[in-house]
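One structure is given below, encoded as structure tokens.
This is the structure we're talking about:
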């Protein structure tokens, strides 16, 4: 092939098992595309006596062709393995000939098939496992990867994450009880870290331009005890309030004269699996409350009284099974209205947002087999729509969005996720700690090391076993992480990682990079409720750097480089909005602020 592959082993501990991933350092998809004389994508058609045809729909490189002949000896053991992938009408991409050896590669069913020249066509030799170290993802994604490599002069396919942290990682403090969640906030112009804990919440304020925090819990009179918590502007004051559930009731607190104070009456609530902002009201924002039954919308009227509206049931409810995790609340179909997806043990229920409210739920494939399930939203295939990663005690799955809120399970075609099947994550999040404009996946485990799956592009993930954090001093063996928050805590222009440990300690791990180009994205001043948006960069290909949910707080979005960028988003009744912007000559350290408004 002209280049001798060199392999790097990326190992990480997984609960109950070990995982091993392999990435070729010196033969990436960039080399595969560059060394191929012709690249053709299309569908396979089966003929007689092992005769196959690639019906070419798109010639990405080389002379155009309508079809390519591929022969196969069905009696050959190695060819039989390839035959199991080569189904009639299956999507495939052909790289031929590659390198000095003049061999060819057909990618179909997520695997590489090696080909040898045969007359004017090609003959199947067998599966090429060594090429899985070059790329380990779906065939549809490899086609997109090839287009990106050909179109973008700054193309690259990373082989390591490049994530590292400063050695000094301060312990902020320790809560008396289990960490129920971490939230990064901006209060008074400074980053804060809020820690939810049923025995007493804590609030830490980052020192300006310093790798340190002050515990300001007592100073601000924070007296909440939270099993679940949400920071949201329910009062339309322009400042977020704390909505806290202590196991028996919801209570709203706002900051007034530098102190927290309760607002209005408590709202009794026996069970709560999650809280999420869902839409705007005449007074402020409304909250979607997840329960062990159907979810409901909670809002405050002009007199400060709580109003509760249950989401409707329907025929799909019984077949979906038991509720096993909190609802996923976001605009999942990019129409401007916030949807509600409730994963259950046998399937999911999807309430699509509409101008007139929510109708009966639709059946969804997104399932969470067993409680407790944890999930995160992120655009792992870079198509402008939010995908879902979900982990429960029985396993994990990556659910890919078709752009219309219909999801397919694609873990088997997502690189390292295909073998990282331990499940049982305590927390997961879509992050970009290496600031390369690709959505990575971070998973935390209560009794094991965290796992960092960096995105090589278009859903091809690789687990980087070198991304590790040092447990707090004195932590017992087996102490893991149960919650995380990502933010630029020390004001150096890059994202840092705060962790809540299973022993109650809180640490912050500062990124070892400096001053990367970044956006601060906020909804418009008159827009309340979460807004889904995607960021695109690149003149010809227009690579998607990720899809995000903007709330009351700024969303920090790393840019790939200094080229112009485009933001695409939808608002209620106004779908398909976009903004094309240039970066200023002098980039502010905290990021370039962009407002999502018509």
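In the numbering used here, the protein residues as written are -5 to 592.
A virtual CB, placed ideally from N, CA and C, is assigned to each residue, including glycine.
CB contact below 7 Å: residue i versus chain C
{"i": "residue 369", "result": "Included in the structure is just one protein chain, with no chain C present."}
DSSP bridge partner residues for residue i (one or two, in chain order)
{"i": "residue 541", "result": "528"}
{"i": "residue 50", "result": "36"}
{"i": "residue 438", "result": "421"}
{"i": "residue 378", "result": "Residue 378 is not bridged to any residue."}
{"i": "residue 446", "result": "436"}
{"i": "residue 336", "result": "343"}
{"i": "residue 608", "result": "Only positions -5 to 592 of the chain appear in the structure, and residue 608 is not among them; the question remains open."}
{"i": "residue 383", "result": "370 and 392"}
{"i": "residue 85", "result": "37"}
{"i": "residue 65", "result": "45 and 117"}
{"i": "residue 565", "result": "568"}
{"i": "residue 30", "result": "92"}
{"i": "residue 270", "result": "282"}
{"i": "residue 303", "result": "291"}
{"i": "residue 326", "result": "Partner(s): none; residue 326 has no beta bridge."}
{"i": "residue 414", "result": "Its beta-bridge partners do not exist; DSSP assigns none."}
{"i": "residue 519", "result": "Its beta-bridge partners do not exist; DSSP assigns none."}
{"i": "residue 514", "result": "550 and 587"}
DSSP three-state assignment for residue i, whether helix, strand or coil
{"i": "residue 588", "result": "strand"}
{"i": "residue 535", "result": "coil"}
{"i": "residue 106", "result": "strand"}
{"i": "residue 25", "result": "helix"}
{"i": "residue 577", "result": "coil"}
{"i": "residue 255", "result": "strand"}
{"i": "residue 7", "result": "Confidence at residue 7 is low in this model, with a pLDDT of 30, below 50, so the placement of that residue should be treated as unreliable; the coordinate-derived value is given next. Three-state DSSP puts residue 7 in a strand."}
{"i": "residue 286", "result": "coil"}
{"i": "residue 316", "result": "coil"}
{"i": "residue 360", "result": "coil"}
{"i": "residue 71", "result": "helix"}
{"i": "residue 354", "result": "coil"}
{"i": "residue 463", "result": "coil"}
{"i": "residue 601", "result": "Outside the displayed span of the chain (-5 to 592) sits residue 601, for which this structure offers no information."}
{"i": "residue 77", "result": "helix"}
{"i": "residue 311", "result": "helix"}
{"i": "residue 503", "result": "strand"}
{"i": "residue 249", "result": "strand"}
{"i": "residue -3", "result": "Since pLDDT at residue -3 reaches only 38, below the 50 mark, its modelled position is unreliable, and no value is offered."}
{"i": "residue 262", "result": "strand"}
{"i": "residue 582", "result": "coil"}
{"i": "residue 490", "result": "strand"}
Pair within 7 Å by beta-carbon distance, residue i and residue j
{"i": "residue 318", "j": "residue 370", "result": "no"}
{"i": "residue 479", "j": "residue 492", "result": "yes"}
{"i": "residue 391", "j": "residue 405", "result": "yes"}
{"i": "residue 515", "j": "residue 549", "result": "yes"}
{"i": "residue 417", "j": "residue 456", "result": "no"}
{"i": "residue 587", "j": "residue 574", "result": "no"}
{"i": "residue 431", "j": "residue 539", "result": "yes"}
{"i": "residue 139", "j": "residue 378", "result": "no"}
{"i": "residue 151", "j": "residue 23", "result": "yes"}
{"i": "residue 325", "j": "residue 526", "result": "yes"}
{"i": "residue 200", "j": "residue 207", "result": "yes"}
{"i": "residue 167", "j": "residue 521", "result": "no"}
{"i": "residue 476", "j": "residue 420", "result": "yes"}
{"i": "residue 155", "j": "residue 195", "result": "no"}
{"i": "residue 222", "j": "residue 266", "result": "yes"}
{"i": "residue 433", "j": "residue 373", "result": "yes"}
{"i": "residue 237", "j": "residue 224", "result": "yes"}
{"i": "residue 340", "j": "residue 314", "result": "yes"}
{"i": "residue 146", "j": "residue 532", "result": "yes"}
{"i": "residue 305", "j": "residue 352", "result": "yes"}
{"i": "residue 310", "j": "residue 343", "result": "yes"}
{"i": "residue 43", "j": "residue 50", "result": "no"}
{"i": "residue 454", "j": "residue 142", "result": "no"}
Rounded Cβ spacing between residue i and residue j (contact assumed at less than 8 Å)
{"i": "residue 368", "j": "residue 382", "result": "Between residue 382 and residue 368 the Cβ distance is about 11 Å, and since that is not below 8 Å, they are no contact."}
{"i": "residue 264", "j": "residue 271", "result": "That belief does not hold up - the Cβ atoms of residue 264 and residue 271 are roughly 22 Å apart, past 8 Å."}
{"i": "residue 397", "j": "residue 321", "result": "Their Cβ separation, rounded to whole angstroms, is 20 Å, which puts residue 397 and residue 321 out of contact at 8 Å."}
{"i": "residue 474", "j": "residue 438", "result": "7 Å"}
{"i": "residue 116", "j": "residue 103", "result": "17 Å between Cβ atoms; not a contact."}
{"i": "residue 248", "j": "residue 289", "result": "Not confirmed; about 25 Å, so no contact."}
{"i": "residue 411", "j": "residue 447", "result": "6 Å"}
{"i": "residue 153", "j": "residue 19", "result": "5 Å"}
{"i": "residue 349", "j": "residue 566", "result": "7 Å"}
{"i": "residue 157", "j": "residue 461", "result": "5 Å"}
Could I get the ranges of all uninterrupted beta strand (DSSP E) runs contained in the stretch 166 to 241, with 3 residues as the minimum, in chain order?
173 to 181, 184 to 191, 196 to 200, 207 to 209, 222 to 226 and 235 to 239
Which parts of the stretch 96 to 170 are runs of the alpha helix (DSSP H), unbroken and 4 residues or longer, counting only runs that do not cross its ends?
133 to 145
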